[in-house]
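Trainee: So that we are looking at the same thing, I have put the structure below in structure tokens.
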Amino acid sequence: MSVTEALSFFQDIASIHKHLSIIESVGLGYVQIGQGAPTLSGGEAQRVKLAKELMKRSTGKTLYILDEPTTGLHFDDVHQLLILLHRLADQGNTLIIIEHNLDVLKTLDWIIDIGPEGGQAGGYIVAEGTPQTIAECPKVILELTLPHTLKKLINF
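Read in the UniProt record's numbering, the sequence shown has 13 at position 13, and its numbers run on one by one without any break.
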């Protein structure tokens, strides 16, 4: 039985339904109840940890560091995850997100592009600022077409 199927099954048991809803909201509705942790991908394991955090009472003083949380997610699940991440930020929490997904980048408050390349040719701040500022920066190498793509995404 998947998490999504279990939501229907446990709809009358509020405490179970609440936890399953959170797991589904981070894009893990397809995961089987009882599925072993070693079978989860890195991105799935990270979202399980995020769901666990979301089940706790928020203090509004937590620092979350997420490494490519949208990896392997369907477009609709990315949207759901963004809603949750923005909710965490709205509660006063701080989020540091390592990400390459342009749908995520366009919604961030502040971007720091580290490069200009990987490995020994990288590690320097190439640009930083709002998504709009980054889209106008000629030095950005996040993607060869990032400035043009990001402008389109921001203005769509």
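Quick reminder that beta carbons are idealized off the backbone N, C-alpha and C, glycines included.
With Val104 as the anchor, note down where its alpha helix (DSSP H) starts and where it stops.
Mentor: Residue 104 sits at position 104 when you count from the first residue of the sequence shown. Segment 102-105, the alpha helix (DSSP H) holding Val104.
Trainee: Between the beta-carbon of Ile125 and the beta-carbon of Ile111, is there less than 7 Å?
Mentor: Numbered from its first residue, the sequence shown carries residue 125 at position 125. Numbered from its first residue, the sequence shown carries residue 111 at position 111. Their beta carbons are not under 7 Å apart, which means Ile125 does not touch Ile111 by this criterion.
Trainee: Using the three-state DSSP reduction, which class does Gln120 fall into: helix, strand or coil?
Mentor: As a working mapping, residue 120 is identified with position 120 in the sequence shown. The answer is helix: DSSP assigns Gln120 an H, G or I state.
Trainee: Are there 16 or more other CB atoms within 10 angstroms of the CB of Thr70, so buried, or fewer, so exposed?
Mentor: By one-based count along the sequence shown, residue 70 stands at place 70. Answer is buried; the Cβ neighbour count reaches 16.
Trainee: Going by C-alpha distance, which of Met1, Asp77, Leu85, Leu105 is nearest Thr130?
Mentor: As a working note, residue 130 is residue 130 in the sequence shown. When only C-alpha atoms are compared, the closest one is Leu105.
Trainee: Evaluate Val3 with the Cβ neighbour count: other Cβ atoms within 10 Å of its Cβ, from every protein chain shown; 16 or more gives buried, anything less gives exposed.
Mentor: The residue given as residue 3 occupies position 3 in the sequence shown. So Val3 counts as buried.
Trainee: Please return the same chain residues whose Cβ sits closer than 8 Å to the Cβ of Leu28, not counting the five positions on each side in sequence.
Mentor: Position 28 of the sequence shown holds residue 28. Answer for Leu28: Val3, Glu44, Arg47, Val48, Ala51, listed in chain order.
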